[in-house]
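For reference, the structure discussed in these notes is given below.
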Amino acid sequence: IVPQGLWAWAIGYSVLRIINPADLIIEDIIFDSFGLFVLPAEVYGPGLLSQYIVALGVTLSAFVLLLRLIRQTQSLYQYQALIILVAVAVNTGGTLLFTLGIQIHPQLDITPVLTTGQGVAVWVALYRYDFLRTAPVAANRFFREMTDPAVIVDEELTVIEYNDAATTVLGNLKRRVDLTELNPVFAEWLATTITDDEPAGEFTTAADEGPERTYDPEVTQVTDQFDITQGYVVVLRDITDRKQRERQLEEQNERLEEFADIVSHDLRNPLSTAEGWVAAVTDALEGEEPDIDTAQLGLEHIDHSHNRMDELIEVLLTMARQGQTVADPEPVSLETCATKAWATAETGEMELRVDTDRTVPADPARLRQAFENLFRNANDHGEAATVAVTTTPEGFAVEDDGIGIDPDDRENLFAFGYSTNEEGTGIGLAVVKRIIEAHGWRIMVGESDDGGACFEVTGVST
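Counting in the numbering used here, the sequence shown runs from 701 upward without gaps.
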């Protein structure tokens, strides 16, 4: 408001001086002699008094600011401020003496000479003490060349200054532009940060080009010499890479936890089978007439289960080290793979029926792991009597004649940790889905013809 008012007064006074209505500024022009010279002189009217009052007010304000600068700063800026203060004081004093008529000659105005001297003094203050090569220019250059986006706003969130980096984040910035109109999302975040006791936290926005970026802002309040808030300096530190590393670390930790759960879950199938046969072998060898055939059969099954555990460990390690995508599939018979999986899965009293002779391109160990989990799921949750592996137009299916799966549960059935049984782990079907998708296939759950569950695998090439 003050700069605009001074400009308005200067323009208004200039117009009045030119048109001089009713001799308001200049009443007359007279000529007076001074030695060998004849000097023209203006006889001023009452309007000149207002000009002197405004000029004196501005000058006194400048004196106050310069004195405050001298008191608050050290070394370089003290000399600069002192030189400018003395120059302005001498010029103002000379003008005041002329106005009061205290001169060598009443009509000899030495103000132009004093103004010239003031200009020389200001030039010395600026260049002799390297004013233009030190802090003001250095600070401005540092602000503009900062790699972090930075913007200065007033209390109404009007842009006062900004650097080039800020334009890539906040859009087409301009001075004196309302930030709420230019970037309402950032303006709302900044307003919340300013008004709340606690910072609003990280700020995420999409740049003009490229992916979304995350920033950790630092908001600094700017006050004047009277501790009155004049605005805020906002520096946005790009922490996108750090956040990505944090997310990657979280994902790795989650995968490690899932890997541990999968290991304990999938190894339970052959381990439980081996434990069952250990009990059978023990019973067969007890008594006066040991059943050698049963014991030998049990030992074969135990050995088979141990081999299966070794195989599972290799598969799980491969998944952990190389990812889940099946890179080199080979022809696998669904009948053979399902039969092997049935031998090491916990199937209880259920029966297996294989109604397919289809061969599919797959990783045999991982496909067998999927079958084992599907068979175990039918035994643990479906109360099924028979499990069937059948051919479908787009692949194959595993279905049973149990109680089926509630439609409300089907959407989350393959989510890791989700189970319809309070004692379930929610791991088996999640592993099945990952294995199926690792082959580039899709799996969905529905209802079989017998009212049980039907897991259909589609997208299988022949």
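Cβ atoms here follow ideal geometry from the backbone N, Cα and C, with glycine treated the same way.
CB of residue i within 8 Å of CB of residue j, strictly
i     : j     : result
A887  : L857  : yes
F1155 : A1097 : yes
F903  : P917  : yes
L1083 : I1103 : Note that residue 1083 is Glu in the sequence shown, not Leu. Their beta carbons are under 8 Å apart, which means E1083 touches I1103 by this criterion.
A1088 : R1068 : no
G1159 : R1142 : yes
G1095 : V1026 : no
D1101 : D1150 : yes
Q930  : T920  : no
H1004 : A1043 : yes
P1029 : A1062 : yes
V981  : L999  : yes
G817  : A787  : yes
T892  : V869  : no
T973  : I939  : no
L882  : V934  : no
T1091 : T1059 : no
A865  : L873  : no
R844  : N863  : yes
Cβ neighbour criterion (16 or more within 10 Å) applied to residue i
i     : result
T795  : buried
A979  : exposed
E1099 : buried
A722  : exposed
P849  : buried
Y752  : exposed
L1034 : buried
I1135 : buried
A1115 : exposed
I928  : exposed
G1152 : buried
I711  : exposed
L1113 : buried
V764  : exposed
N953  : exposed
S1119 : buried
Q944  : exposed
I729  : exposed
S1148 : buried
Same chain, Cβ closer than 7 Å to residue i, five either side skipped, listed in chain order
i     : result
V754  : W709
C1037 : P1064, L1067, R1068 and F1071
R1076 : N969, A1045, E1046 and G1128
E1011 : A1065
T815  : N791
R1008 : P970 and T1044
T994  : A980 and A984
L1074 : V1098, V1132 and F1155
T847  : A865
A762  : V788
For residue i, the three-state DSSP class (helix, strand or coil)
i     : result
A821  : helix
L999  : helix
A1115 : coil
A1043 : helix
V877  : coil
M1144 : strand
D1100 : strand
I1127 : coil
T1120 : coil
V1026 : coil
T1162 : coil
G987  : coil
G976  : helix
Opposing strand residues paired with residue i [DSSP bridges]
i     : result
C1037 : BP columns for C1037 are empty, so no partner.
T1059 : S1033
L1052 : V1087
P917  : L936
T1153 : Per the sequence presented here, residue 1153 reads as Ala, with Thr not at that position. A1153 pairs with E1147.
A850  : V935
E861  : I852
G1095 : T1092
V922  : G931
Contact set for residue i: own chain, Cβ-Cβ below 6 Å, skip 5 residues either direction
i     : result
G747  : L724 and I725
G1146 : C1154
W977  : G998, H1001 and I1002
V758  : none
E946  : none
Neighbour flag for residue i against chain C, beta carbons, 8 Å
i     : result
D1063 : Here there is only one protein chain, and chain C is not present.
Contacting residues, own chain, Cβ-Cβ under 8 Å from residue i (five flanking each side not counted)
i     : result
I784  : L766, A821, V822 and A825
R1053 : T1086, V1087, A1088 and V1089
V853  : V859, I860, L879, L890, G931, Y932 and V934
E1051 : A1085, T1086 and V1087
M1144 : F1155, E1156 and T1158
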